[in-house]
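Chains as they are written, first to last, in my numbering: chain A, 23 to 515; chain B, 44 to 528; chain C, 477 to 581.
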Amino acid sequence: MKNSEFLKLSALELVEGYKKGDFTVSDVIETALEHIEVNERNLNALITPLYEEARSRSWMLDAALARGEELGSLFGVPVVVKDNITVDGVRTTCGSRMLENWISPYSAHVVECLERAGAVIIGKANMDEFAMGSSTEFSAFGPALNPWDLSRVPGGSSGGSAASVAAGYAPIALGSDTGGSIRQPAAFCGVYGLKPTYGLVSRFGLIAFASSLDQIGPFARSLKDVAAILQVISEPDARDATCTRKERPNYAEFLNVTSLEGFKVGYLAGYESLEIDDEIKRAISQTIEICKEAGAEIVEVDLPISTRYGLPCYYTIAPAEASSNLARFDGVQYGFSVVADDLKELYLKSRGSGFGPEVKRRILIGTFVLGSSRYDAYYLQAQKVRQLIIREFNAAFSKADVLITPATPTLPFKRGEKLTDPVKAYMADLFTIPVNLAGLPALSMRASMSQSGLPVGVQLIGKKFGEGDILKAASVIEQVVGPAATALGGDRK
Amino acid sequence: MSEFIPVIGLEIHVQLSTKSKMFCSCSTDYIGARPNSHVCPICLGLPGSLPVINERAIMYAVRMALAMRCKVNTHTVFHRKHYFYPDLPKAYQISQYDLPLAVDGHLEVNDDGKAHKIRIQRLHLEEDAGKLVHAAIGGRLMGADYSLVDYNRSGVPLMEIVTQPDITSPKQAREFVSRLRQLVRYLGVSDGDMESGSLRVDANISIMEPGGKWGEKVEVKNMNSLKALERALEYEYERQKEVKSKGETIVRETRHWDDDSGKTISSRSKEEAEDYRYFPDPDLPPLVVDERTIVQLCKELPELPWEVRDRFISDYGLSLEEAEVLTERRDVALLMDDLVKRGSPVKVASNWIRTEIMRVLNERAISAEELTIPPDEMALLLSRVDRGELSTTAAKEVFAMMLEKSLNVDDAIKALGLSTGKLTGSDLEAIVVKVLAENAEVVEEIRAGKDKKGKKVKFLQGIVMRETKGQADPKEVQSLIMSKI
Amino acid sequence: MSGTSDGLVEEIRRVAKLAMLELNEDEMKHIGTQFKNILDQLQKLSELDTKDINPFSLEDMEPMPWRKDEVVAWNRYSEVLSQAPVSEEGYFKVPRIVEGDHDEK
Ligand SMILES: [Mg+2]
Ligand SMILES: [Zn+2]
Chain A
23 MKNSEFLKLS ALELVEGYKK GDFTVSDVIE TALEHIEVNE RNLNALITPL YEEARSRSWM
83 LDAALARGEE LGSLFGVPVV VKDNITVDGV RTTCGSRMLE NWISPYSAHV VECLERAGAV
143 IIGKANMDEF AMGSSTEFSA FGPALNPWDL SRVPGGSSGG SAASVAAGYA PIALGSDTGG
203 SIRQPAAFCG VYGLKPTYGL VSRFGLIAFA SSLDQIGPFA RSLKDVAAIL QVISEPDARD
263 ATCTRKERPN YAEFLNVTSL EGFKVGYLAG YESLEIDDEI KRAISQTIEI CKEAGAEIVE
323 VDLPISTRYG LPCYYTIAPA EASSNLARFD GVQYGFSVVA DDLKELYLKS RGSGFGPEVK
383 RRILIGTFVL GSSRYDAYYL QAQKVRQLII REFNAAFSKA DVLITPATPT LPFKRGEKLT
443 DPVKAYMADL FTIPVNLAGL PALSMRASMS QSGLPVGVQL IGKKFGEGDI LKAASVIEQV
503 VGPAATALGG DRK
Chain B
44 MSEFIPVIGL EIHVQLSTKS KMFCSCSTDY IGARPNSHVC PICLGLPGSL PVINERAIMY
104 AVRMALAMRC KVNTHTVFHR KHYFYPDLPK AYQISQYDLP LAVDGHLEVN DDGKAHKIRI
164 QRLHLEEDAG KLVHAAIGGR LMGADYSLVD YNRSGVPLME IVTQPDITSP KQAREFVSRL
224 RQLVRYLGVS DGDMESGSLR VDANISIMEP GGKWGEKVEV KNMNSLKALE RALEYEYERQ
284 KEVKSKGETI VRETRHWDDD SGKTISSRSK EEAEDYRYFP DPDLPPLVVD ERTIVQLCKE
344 LPELPWEVRD RFISDYGLSL EEAEVLTERR DVALLMDDLV KRGSPVKVAS NWIRTEIMRV
404 LNERAISAEE LTIPPDEMAL LLSRVDRGEL STTAAKEVFA MMLEKSLNVD DAIKALGLST
464 GKLTGSDLEA IVVKVLAENA EVVEEIRAGK DKKGKKVKFL QGIVMRETKG QADPKEVQSL
524 IMSKI
Chain C
477 MSGTSDGLVE EIRRVAKLAM LELNEDEMKH IGTQFKNILD QLQKLSELDT KDINPFSLED
537 MEPMPWRKDE VVAWNRYSEV LSQAPVSEEG YFKVPRIVEG DHDEK
C-alpha cells in the first residue's frame, strides 16, 4: 500500500490494518503529519498541529502493539480536536486572541475517552472565535478554507475540524455544535457531522459558548466511524451535571440494516418553495426516494414555529448564555491582559482588545437581553418560544422516526461573502438551529455532489436519544450514495 | 422627644462545614493554607470547567431550614449573579434567586425575658468568593495600589439567611445572631465563627418615625463579632436619629463599620443600582429534594437548643438561667443528660458543669466529648460530693487530679492522700463535741423539739463535715450528733 | 441603515459598560447599525402568545445529580498561577480598585 493511501482509510480500517500488521501507527502518523505540513499552507485548518506529541505517542502505541497489549477501539487513529476542547498541556485558544497563549492544565472528558481508546491527537482545529460564526472566517488565526474549493469557506464554527477530515488529515475529528457548528461545516466539506442529543456527551472541558445548546460531536468520512467515535465519547461523566445517566446503546448495531420497513421518514412540508439552493432541494428529494425504496413510510411534517421563530429565539438565548460564559475572560487569572492603572481599565481594555468584533457583538446582545428591564420581554420570552419549538418537534416525532431537512440553505459560499451583514450570515443556520433549541440529535451527510463539484448535504434529525434511528436511515442512504470522499490536494474526486 | 423606632433586617451568610467545596472536590480547610493551593479548574473558573453540587451542602441547608420551621421547596433553581470583581473567578456567582431552597420560617429570640419571633424570609445556597488581601487602612481595599487575590475560599458552600425586618433593637439583632449561631452549631452545619468569617452578618437598618413612616434603608457591613454588630447598629440608629432631627434626609447607601473608630463609614453610593443579570444557570438542572428526603431529614433533626432548655426546666427543675447556660452548647447539654442518667444528682451536675467543667472546656477549647474523664467516673465523683463524702474543695482537687493524670475517682483520692470516712471514732467525736459547744443555741432549740424537719441537725452536720474537710462519713457524723444531743 | 438613534447609542454604551467591553468609535458606529437590525429580529418573538407556557419546564429533564462530599486535592495549582498575567508570592495580582467598582463582599 502506498503511504498516501493511509489518508483515505477510515478509522476502523486503520485499526484493522494495525491488527493485521499491514502498517504501523508511526507509518500512518508520519504520513498524516507530512500531509498536514504541506497542506496547511493553503487550508489553515489547524491552529496548533501537534507534531511532536503525535510522533512520540505513535511510537508508544507501536511499542504497545509489539507487546501484544489489548488495543482500544480507536487504536492509533489520528484525530483532530476543535480548539475549544481542552487537552492537558496543550494550548487551547478557542480561535481567540483572548486565549492565544493559554495552556490547559486539564483534558476534556471526550479527550480522555479518545486517549483511553488509543487515538492520537494530531492537531487542534481552527474555528470561529469562541464558536461564533458559520465560516471560520472569525478566527483570530486567519480563516480556514474549503478543501473542495479554496475560494470558498469550509463553514463554521467547526470549519477546521470538517476541513481536516475532508482533506485527509485524519479520518475523524471532534467539533462542537451550538446552532449548527458541526452540521453546517460537515455539509460544506462533504463529510459526516453528528450533533448528539443534548446531554449524551459530557461537556466537561468544552469551553462554553451557550451551555444549554452546546454539544460535542464527531466528524468522519464513514458511518461506521461515526458510530465508533460516538461510542467512545458518549461515555457517561459525573463531572457534567447535564450529562445523562441513561445507558448508551451499541451504536454499530444500527448500521446492519438494508431495509427501512416499518420506519417512518418525515420531510418538511413545502420545502420545495423555501429559499434554498435547487441542488439542495434535489438532494432532499433523492434522499427521500432512497428511504422510500428501502421500505420507509414517507410522511409530511410541519414545523412553522421552528422555521419562523427558531432564529430569533436562538439569537436571544445563545448570546445571553455567551455573555455570561465569556464574562470570566477578564485578564486577571489567565489569557489576554493589558497593563492598566486600575481594575476597571484592566477589564475594559483586556476584554475590549482580547475579543474580536463578532464575539463583542454577541456579548452586547446577550448583556442587553439579560438586563433586568429586558429580561421578561427578551430572554424569558425566548425560553417560552423554545418550549413551543420543543412541543412542535414532539408532535412531528409522533408521526416520524427521522426527519430529513436541508442542512444549509446554500452550497459553500465564497470567502468574505457573508461577513458584512450578520443578519444574513445568521440565516445560514436556519435549519440547524431549532435542533439545538429542542436538544435533538442530528446528522449532516453528503447526499450528492453539485454540478460545480461541491458537496451537497442533507440533515437527518432524530428524536431525543434517537441517534440509533438516524444511523439506521443514514446507513441505507450511505449504501446508495457511498461514504464521504477525501479532497486530497490534486486528486479531488 | 419623639421616639424613632429602629427597623432592622439581617442578611446572614453562613459557611457550611462540608469537607469539600460547593461545586468541586477541593478542600474547604483553607484557613492558614498557602494561597491558591486549595483550588482546581472548577473553583478557579477555568475555561471548560463545570459545577457539580455537593450533596452534604444541600442536606445541611435543608436541616437548617427545617429547624427554623421554613417551608422547603422541592424544586429549586440555581441562578447566575453577574458582576466583575477579582474575587469572583467566573465573573458570576452561582446563587439562588426567585426559587430559593426554603422560605417562610422563624426563629425565636429572648428580649428581656420576653419571647420575640423573628420571621425568616428565605434561606438559599450559594458559593463563596475568593479573598482579596493587601488592603489599605480600615479593612477596605480602596486606596491600595494593588490587591492580591487568593481563591482558596472560592466555592466554599454558603447558606444565606434573610430575615424579615422584624428586629426592633440592636440588642435584639445581637440576640438573633447569637441564637442562629447556637443553632448552626447544634445542627453541626457550621462552626458559626464570626471572627474567622464563617458567619457574616449584613444589617439593614432604617428608623420609623412616630407617625409610622419608614426612613430610607441603610446597609451596614463589616461587623466581625456580636459586639461589633450591636455597636454598629447602635451607632447607626443614633446617627439616623440625628440626621432626622436636623431635618435632613437619610441617604440610601451602604456603610462599613470601622471597629477602631466605632463609626460607620459611607461607601460612595453608585450612580445606578447594579444590574446582576440573573438567569438560571444552564450548567445545573433543577435541584430536586423530594418529600421523602425532607421527611427523613426532619426525623433526623436533633433536639433543638430551646427544646432541650425547656426540658431541663420541666424535667430537672432547673431555673431558666441555669438551663440557658447548660444548653448553650450541644455537647454540654448532652453531658448534662449523660451525667444525670448515670446517677448524678441534678443540682450538683448543673453546678459542676456550669463552673468547673465549662471552665476546663473553655480553657482547653475542647468539646465535652473530648474531656478525658469518663462520664461514669464523673458521675461517681458528683455523687460522692452530694453524699457529703467529699467536700467541694476536696472534690475540686480530685477533679483536677483525674483530669491531669487520667485517674479514676478512687485512685485520684488515694493519690491526693484523701479518703472518705477516714476521720472516725474519738477524733471525730472530739470535733462533734466542739461544734456542738460552739452552737449551743441550736442544740438547745433541737432539744426543745423545734427541729421537726431535721434542718437544724443537717446544719450542724454540715459544719462538722466542713471541719473535717469532708473526710468523715456523714452518717457517722449524724448519729454522733444525735447521741450527743 | 445609517441613522442610529442617540437613544440606541446610549443604550449600547450602557450595555458595553455592563459587559466591560471597551468599544472604539469605529466599533460603536458599526455595532450600532447591526444592533438595531438584530434587535428588530429578536422583537419578532413577541408575536407569539406564550401566556400559559412555563419557560423552564422540567418535563423529561433529569434532575441535578449530587456529588458525595469527598475531598480530591488538585495539585496542579502552580501551573495556573504561572500563567497568570501578573502574580506575586502565590497570589494573583490586580491593579488599584477604584471606589464604586463593586462593594466588596
Ligand atoms: Mg448572597
Ligand atoms: Zn476546586
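The beta carbon of each residue, even a glycine, is placed where N, CA and C say it ideally should be.
It should be emphasised that the depicted structure is a prediction, and the values quoted were computed from it without experimental measurement.
Sheet register partners of residue i (DSSP bridge)
i              : result
D301 (chain B) : B:K306
G148 (chain B) : B:I163
Q237 (chain A) : A:D199
G215 (chain A) : A:F241, A:S466
V441 (chain B) : Beta-bridge pairing links V441 (chain B) to no other residue.
P323 (chain B) : B:H122
A515 (chain B) : B:L466
S449 (chain B) : Beta-bridge pairing links S449 (chain B) to no other residue.
N247 (chain B) : B:G52, B:E262
L242 (chain B) : B:V57
D154 (chain B) : B:K157
P200 (chain B) : B:E170
A191 (chain B) : Rather than Ala, the amino acid found at residue 191 (chain B) in this sequence is Leu. B:V176, C:K569, per the DSSP bridge assignment.
Contact with chain C by residue i, beta-carbon distance below 7 Å
i              : result
P127 (chain A) : yes
V407 (chain A) : yes
L327 (chain B) : yes
T338 (chain A) : yes
K124 (chain B) : no
D234 (chain B) : no
K41 (chain A)  : no
C83 (chain B)  : yes
Y73 (chain B)  : no
L368 (chain A) : yes
P334 (chain A) : yes
T61 (chain B)  : yes
Min CB distance residue i to chain B below 7 Å
i              : result
S179 (chain A) : no
F568 (chain C) : yes
L499 (chain C) : no
Cβ of residue i within 7 Å of any chain A Cβ
i              : result
T526 (chain C) : yes
L93 (chain B)  : yes
S481 (chain C) : no
V440 (chain C) : This structure does not reach residue 440 (chain C), given that chain C is present from 477 up to 581, and the question cannot be answered.
R552 (chain C) : yes
M496 (chain C) : yes
V491 (chain C) : yes
V133 (chain B) : One detail in the question is off: residue 133 (chain B) reads as Lys in this sequence, not Val. So yes, K133 (chain B) belongs to the interface.
Anticipated Cβ contact below 8 Å, residue i with residue j, distance rounded
i              : j              : result
I506 (chain B) : L276 (chain B) : Incorrect: roughly 53 Å between the Cβ atoms, too far for contact.
P94 (chain B)  : D326 (chain B) : 6 Å
L96 (chain A)  : L55 (chain A)  : Contact doesn't hold; Cβ gap of about 18 Å is too wide.
A429 (chain A) : A209 (chain A) : 4 Å
L269 (chain B) : R228 (chain B) : The Cβ separation is near 14 Å, so there is no contact.
P195 (chain A) : V101 (chain A) : The displayed chain sequence assigns Ala, not Pro, to residue 195 (chain A). With a Cβ gap of about 6 Å, A195 (chain A) and V101 (chain A) count as contacting.
G117 (chain A) : N148 (chain A) : 7 Å
T531 (chain A) : I492 (chain A) : What the structure shows of chain A is the stretch from 23 to 515, and residue 531 (chain A) is not part of that stretch, so it cannot be assessed.
Closer than 6 Å to ligand 2: residues, by C-beta to nearest heavy atom, in chain order: B:K64, B:C67, B:C69, B:V82, B:C83, B:I85, B:C86, B:G198
Segments of 3+ residues assigned as beta strand (DSSP E) that fall wholly inside the region 128-192 of chain A: 142-147
Minimum length 3: unbroken beta strand (DSSP E) runs contained in the region 294-381 of chain A: 319-323
Minimum length 4: unbroken alpha helix (DSSP H) runs contained in the region 39-95 of chain A: 47-65, 73-88
3 or more residues per run - each beta strand (DSSP E) lying fully within the region 386-434 of chain A: 424-428
Runs of alpha helix (DSSP H) lying entirely within the region 323-381 of chain B, each at least 4 residues, in chain order: 334-343, 348-359, 363-370
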